[in-house]
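Residue numbering for the sequence shown follows the working numbering, starting at 1 and increasing by one per position.
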Amino acid sequence: MIAVGLVWGATNALMRRGALICDRRSKESPPEGTIAGWLSLVLTWQYSAPFAANLAASAAFFAMLGGSPISVAVPVTNAAAFASTAVCAAALGEGTRLWPAVLGTALIVSGVWICVL
């Protein structure tokens, strides 16, 4: 569950970066139509590679739900994803407000800890 959360968090930050790259390209030469814009995004490897990893982690999460209580699996996975997103976004140089991220992570970890007890 924690591994899925870590993959989700890392791929969230990477997909955002890929979407920004695609957006920059589309401003230089705008795609004609919605489908062309969508294809442009999918064909941007900086977006599609993390997206594929995110989907694989989602499939693994779905498979794990059968063998673990949902009241534990969902909060643990989402807490790991939240923390991983904050760390990966900061590592990629995104402007992250440190104290709100630390406080939010601490509150989520505390809540998960209470739920698991």
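C-beta: ideal position from N, C-alpha, C; glycine also.
Given residue i as reference, the closest of the options once Cα atoms are compared
i: W8; options: S84, I108, E94 and L107; result: S84
i: V116; options: A90, F82, P69 and L92; result: P69
i: P100; options: F82, L92 and A91; result: F82
Where the alpha helix (DSSP H) through residue i begins and ends
i: P75; result: I70 to A91
i: L41; result: T34 to V42
i: R25; result: I2 to E28
i: T105; result: L98 to V116
i: P50; result: W45 to L65
Pairwise C-alpha distance: residue j and residue i
i: M15; j: L107; result: 26 Å
i: G33; j: N54; result: 26 Å
i: R25; j: F51; result: 19 Å
i: G95; j: G66; result: 38 Å
i: L103; j: S40; result: 37 Å
i: P31; j: A86; result: 32 Å
Residues of its chain near residue i, where Cβ-Cβ distance is below 6 Å and the 5 sequence neighbours each way are ignored
i: V4; result: A57, A60, F61 and T77
i: M1; result: A73, V76 and T77
i: A90; result: T96
Chain B within 8 Å of residue i, Cβ atoms only
i: W38; result: The structure shown contains no chain B, having only a single protein chain.
Contact test: residue i Cβ vs the ligand COA heavy atom, cutoff 7 Å
i: V76; result: Within the structure as shown, the ligand COA is missing, as the structure has no ligands at all.
Close Cβ partners of residue i (< 8 Å) along its chain, the five nearest in sequence each way excluded
i: C88; result: G9, A10, N12, A13 and L14
i: D23; result: none
i: M64; result: M1, V4 and A73
Quiz prompt | the segment 36-53 / the segment 10-24 touching (three or more Cβ pairs under 8 Å) | solution = Judged by Cβ distances under 8 Å, the segment 36-53 makes contact with the segment 10-24, as three or more pairs qualify.
Quiz item: Can at least three beta-carbon pairs, one atom from the segment 73-93 and one from the segment 104-116, be found at a separation below 8 Å?
Solution: A contact is defined here as three or more CB-CB pairs under 8 Å, and the segment 73-93 meets this definition with respect to the segment 104-116.
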